[in-house]
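Here's the structure we're looking at; comments come further down.
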Amino acid sequence: MAKLASELMVDDVLGEGGIIKQYIPGFQARKSQLAMAQLIQKSIAERDCDVIEASTGIGKSFAYLVPAFLSNSKILISTGTKNLQDQLFKKDIPLINKTIVSGKQLALLKGRSNYCCTFRINKFRQQRRFQTRQLVQVFDALKSWSETSSTGDISEFSDIPENDSLWFYATSNADNCLGNECPDFKSCFVFKARRKAQDADVIVINHHLFFSDQALKEEGFGELLPEVDVLIFDEAHQLPDVASHFFGRSLTMRQYELLMKDIIEAQIIEARDSKDIQEVCKLNQKTIADFRLVLGKFSAKGEWRHIQHAPDIKTAIDELCQVMSTLLKQLEVLKARGKELALCFTRLEALNQIFNDFLLSKSSEVTWYEWNDRSFRLMISPVEIADQFRKQIDRSLYKSIFFTSATLSSNGSFDYFTRRLGIEDMQCSNFISPFDYQKQALLYLPETLPDPSDDNFAEAFANECCELINATRGNCFILFTSYRMLKLTSKILSRRLKNKLFIQGEQQRSELMNAYLKTPNPILLGTSSFWEGVDVKGDKLKLVIIDKLPFKSPGDPVYKRRLQRVTESGGNAFKDVQIPEATISLRQGVGRLIRDINDTGIVMIADKRLQTKSYGKDFISSLPDMSRCSKLQQALEFAASIK
């Protein structure tokens with residue numbers, strides 16, 4: 051007699067002869083997957099929390115989904131990327147829901163800017179913002195789609211690329227959303243998605259939305275997410291950086307400029323007799339632009355404390371404070387004239403508060419700036435986020451919390467990850483990959499290349515790349531730690547190779563990957579965004595080349611202060627922070643190669659420091675146990691054996 055869903059154990063689903071085989075032809079039980087699922091099932095029953103490193107290939111999504119579903123708990127899953135979010139919601143979760151016959155209600159929830167806004171679409175169509183017939187046609191098609199779409203998720207409308215500036219006119223953000231004052235509120239896609247999430251049994255979000263919800267709760271403005279029993283962070287290695295962003299505050303030149311335009315538009319519609327405010331807005335725009343020019347006299351990025359007492363800066367700040375104060379007073383008088391003016395006043399108040407906080411920062415924060423030819427950004431960032439993150443976790447009503455990723459440890463230790471989040475007391479586990487790395491992969495560490503700081507490195511590196519690329523006939527990722535090195539290498543390779551080069555920045559990431567997969571013997575050159583979240587199986591990826599160890603720039607203001615804080619407290623910043631962080635990044639990059647039990651290939655890491663520095667062995671011991679060589683001929687022979 052078949053068991054009821056409530057009677058099932060994870061072994062009944064994922065073990066030998068498990069029922070999941072009925073839904074996935076060829077499914078093979080994996081010891082590590084089953085062990086991870088058993089741990090999670092036990093922890094949910096005992097209301098425990100776990101940090102779990104699930105190596106590539108064990109099938110971690112099923113390992114946490116099955117026990118979570120069997121527990122009959124309300125579940126929240128947070129991912130680092132939209133790609134994984136979509137994969138879980140559209141593929142993995144429906145399969146588990148069907149396998150276990152649980153009938154759970156599912157919801158996918160993204161940030162506000164991922165949904166089209168019918169109010170803004172109609173507003174900008176009526177204002178005839180679009181100059182060409184083609185843009186008018188695209189926007190008309192978008193309007194028609196928005197009237198029939200059930201979700202309003204902009205990823206479903208392919209006529210406009212994901213990062214196109216046109217989306218500004220078709221989506222809202224926290225600054226310009228009218229909320230329940232909006233005429234289209236009842237049909238709003240964002241609030242439909244949030245209402246669905248409130249009633250769902252399983253909700254899939256991303257880390258950014260998780261912290262947005264925490265911020266709303268902190269400020270007493272309600273919540274985006276319902277209370278749940280089980281919280282699962284997948285791609286948890288991204289959490290510290292996402293948390294640092296959300297626990298900080300920022301203001302940009304673009305925010306100011308858009309607000310000035312919105313104030314003028316709102317005044318024309320809601321207070322036509324008050325034209326004086328237009329001149330004040332234009333004066334603000336000029337003062338903001340002048341402030342950017344003053345910033346341009348200093349380094350492009352740095353700590354505010356190093357420039358705040360410069361005479362030009364002090365004068366520019368005084369002028370900016372004065373014009374903002376004048377605008378605030380005028381807008382306060384007009385805000386009762388209409389909801390858009392009222393919203394503009396609220397936005398200006400918020401920007402003014404951030405600006406004041408920036409000028410009067412705390413010792414636990416870093417205030418820093420950066421500028422380019424067109425804009426500037428002022429940032430307030432926490433030096434550490436462990437206390438804030440832990441407080442949020444402790445205040446929550448979750449029965450169990452799980453942090454999982456393929457890369458959470460450095461040299462076998464989880465200390466760096468757990469310290470950053472303040473979760474040192476949680477149990478940490480590592481489940482090994484089923485892949486036979488000794489047979490499937492070769493780690494090539496060239497012995498003849500110069501040091502990465504050597505002037506001759508770029509040419510020598512490109513030569514080595516060409517030799518290996520010819521041996522594997524392309525099908526290669528070259529991952530860089532800097533865009534400068536990417537450009538240098540791409541120029542050399544384009545002259546010497548016939549293979550099609552796909553270079554980051556020339557197309558959107560999704561378009562680049564689609565074109566790569568359709569092209570014979572391709573080569574992709576990318577920086578940080580291609581080190582993770584890219585899954586290419588089979589013959590399309592036989593070679594991964596990494597130019598240098600991915601140490602973060604110690605010149606980054608927040609990172610620099612973090613390193614100083616460790617040193618001041620008696621620690622070793624290089625050993626305690628820089629090496630663990632670079633190790634986790636390196637593991638992500640190397641992990642692009644072997645994604646399946648049948649995959650084979652070569653990883654070349656061109657950084658001589660792996661062999662000449664004492665810390666090199668820490669990096670190598672953190673990588674999968676691949677065969678290893680240091681001579682080019684051996685690498686070429688391995689390439690010939692896997693064709």
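Numbering-wise (my numbering), the sequence shown opens with residue 51 and increments by one.
Cβ atoms here follow ideal geometry from the backbone N, Cα and C, with glycine treated the same way.
Since we're looking at a predicted model, the values are computed, not measured.
Would you tell me roughly how many angstroms separate the C-alpha atoms of residue i and residue j, rounded to the nearest one?
| i | j | result |
| --- | --- | --- |
| Thr468 | Gln288 | 12 Å |
| Leu232 | Cys238 | According to the sequence provided, residue 232 is Cys. The question's Leu does not apply to it. The straight-line gap from Cα to Cα measures roughly 9 Å. |
| Val240 | Lys140 | 19 Å |
| His359 | Asp209 | 50 Å |
| Tyr419 | Ile443 | 31 Å |
| Leu343 | Asp407 | 22 Å |
| Phe426 | Ile357 | 15 Å |
| Thr131 | Gln477 | 25 Å |
| Ala52 | Gly76 | Any reading at Ala52 must be qualified, since the residue scores a pLDDT of 47, below 50, and its modelled position is unreliable; no value is offered. |
| Asn414 | Arg611 | In the sequence under discussion, the amino acid at residue 414 is Ser, which differs from the Asn named in the question. Rounded to the nearest angstrom, the two C-alpha atoms are 10 Å apart. |
| Glu474 | Asp437 | 12 Å |
| Ser544 | Leu538 | 10 Å |
| Ile70 | Leu145 | 9 Å |
| Thr716 | Phe348 | No answer is possible for residue 716: it lies beyond the span of the chain, which begins at 51 and ends at 693. |
| Ile629 | Asp234 | 51 Å |
| Phe261 | Leu518 | 44 Å |
| Ile125 | Val280 | 5 Å |
| Ala293 | Arg183 | 43 Å |
| His295 | Val416 | 12 Å |
| Lys236 | Gln176 | 21 Å |
| Ser128 | Asn256 | 5 Å |
| Glu285 | Phe452 | 11 Å |
| Thr198 | Ala191 | 11 Å |
So residue i is in the alpha helix (DSSP H); what residue range does that whole segment cover?
| i | result |
| --- | --- |
| Lys132 | Lys132 to Gln137 |
| Ser20 | Look at the range of the chain in this structure, 51 to 693, and you will see that residue 20 is not part of it. |
| Asn406 | Lys389 to Leu409 |
| Pro117 | Lys110 to Leu120 |
| Val292 | Leu289 to Phe297 |
| Leu64 | Val60 to Leu64 |
| Phe601 | Premise fails: Phe601 is in no alpha helix (DSSP H) and is neither H nor E. |
| Ile171 | Thr168 to Gln176 |
Ends of the beta strand (DSSP E) at residue i?
| i | result |
| --- | --- |
| Trp195 | Where Trp195 is concerned, there is no enclosing beta strand (DSSP E), although the alpha helix (DSSP H) it sits in stretches over Arg183 to Thr198. |
| Val594 | Leu593 to Ile596 |
| Phe77 | Note, Phe77: premise wrong, no beta strand (DSSP E); not H, not E. |
| Cys526 | Cys526 to Leu529 |
| Trp417 | Position check: residue 417 holds Thr in this sequence, whereas Trp was assumed. Unbroken beta strand (DSSP E) run through Thr417: Glu415 to Trp421. |
| Pro432 | Phe426 to Pro432 |
| Ile127 | Ile125 to Thr129 |
| Leu156 | Leu156 to Leu158 |
| Ile687 | Note on residue identity: the sequence assigns Glu, not Ile, to residue 687. Not the beta strand (DSSP E): Glu687 falls in the alpha helix (DSSP H), residues Leu682 to Ser691. |
Identify which residue in the options has its Cα closest to the Cα of residue i.
| i | options | result |
| --- | --- | --- |
| Lys568 | Gln248, Asn525 and Leu536 | Asn525 |
| Thr337 | Gln372, Glu315 and Asn513 | Gln372 |
| Ile652 | Phe601, Tyr609 and Phe527 | Phe527 |
| Asp251 | Asn122, Phe283 and Val416 | Asn122 |
| Lys246 | Phe260, Arg397, Pro276 and Phe453 | Pro276 |
| Leu409 | Phe260, Phe77 and Leu301 | Leu301 |
| Trp354 | Ser691, Met676, Ala95 and Val608 | Val608 |
| Leu308 | Asp291, Asn334 and Asp190 | Asn334 |
| Pro290 | Ser431, Leu384 and Glu382 | Ser431 |
| Gln558 | Pro211, Leu134 and Asn172 | Pro211 |
| Glu399 | Ala386, Thr417, Lys412 and Met374 | Met374 |
| Asn622 | Tyr466, Leu370 and Lys332 | Tyr466 |
| Tyr566 | Leu591, Leu547 and Gly583 | Leu591 |
Give the C-beta separation of residue i and residue j to the nearest angstrom, bearing in mind that I take them to be a contact with Cβ-Cβ under 8 Å.
| i | j | result |
| --- | --- | --- |
| Thr577 | Gln554 | 6 Å |
| Ala456 | Gly641 | 6 Å |
| Cys166 | Ser196 | 5 Å |
| Asp326 | Cys394 | Asp326 to Cys394, Cβ: 15 Å. No contact. |
| Asp649 | Gln488 | Between Gln488 and Asp649 the Cβ distance is about 14 Å, and since that is not below 8 Å, they are no contact. |
| Glu497 | Ser680 | 4 Å |
| Ala85 | Gly68 | At roughly 14 Å, the Cβ-Cβ gap does not stay under 8 Å, so Ala85 and Gly68 are not in contact. |
| Ala656 | Ile573 | With a Cβ gap of about 16 Å, Ala656 and Ile573 do not count as contacting. |
| Lys587 | Asp646 | 5 Å |
Any heavy atom of the ligand NAD closer than 6 Å to the Cβ of residue i?
| i | result |
| --- | --- |
| Leu493 | In the structure on display, the ligand NAD does not appear, and there are no ligands present to speak of. |
Between residue i and chain C, is the shortest Cβ-Cβ distance under 7 Å, so that the two count as touching?
| i | result |
| --- | --- |
| Ser349 | No chain C is present in this structure, which holds just one protein chain. |
| Unbroken stretches of the beta strand (DSSP E), 3 residues or longer, contained in the region 308-362 | As far as the region 308-362 is concerned, its whole beta strand (DSSP E) runs of at least 3 residues are 351-353.
| field | Complete alpha helix (DSSP H) runs within the region 612-648 (minimum length 4 residues, chain order) | value | If we require 4 residues or more, the alpha helix (DSSP H) runs fully inside the region 612-648 come out as 629-640.
| query | Can you give, in chain order, each stretch of the alpha helix (DSSP H) that sits fully within the region 514-594 and has at least 4 residues? | reply | Restricted to the region 514-594, the alpha helix (DSSP H) segments that are unbroken, complete and at least 4 residues in length are 533-546 and 559-568, listed in chain order.
| request: With a floor of 3 residues, list each beta strand (DSSP E) that falls wholly inside the region 651-675, ordered by position along the chain. | output: Runs of the beta strand (DSSP E) lying entirely within the region 651-675 and spanning at least 3 residues, in chain order: 651-655.
| query | In chain order, which alpha helix (DSSP H) runs of at least 4 residues are fully inside the region 444-495? | reply | Along the length of the region 444-495, whole alpha helix (DSSP H) runs at least 4 residues long occupy 465-471 and 487-490, reported in chain order.
| task | Identify every run of the alpha helix (DSSP H) within the region 192-269, keeping only runs that are complete inside it and at least 4 residues long; order them along the chain. | result | As far as the region 192-269 is concerned, its whole alpha helix (DSSP H) runs of at least 4 residues are 239-249 and 257-269.
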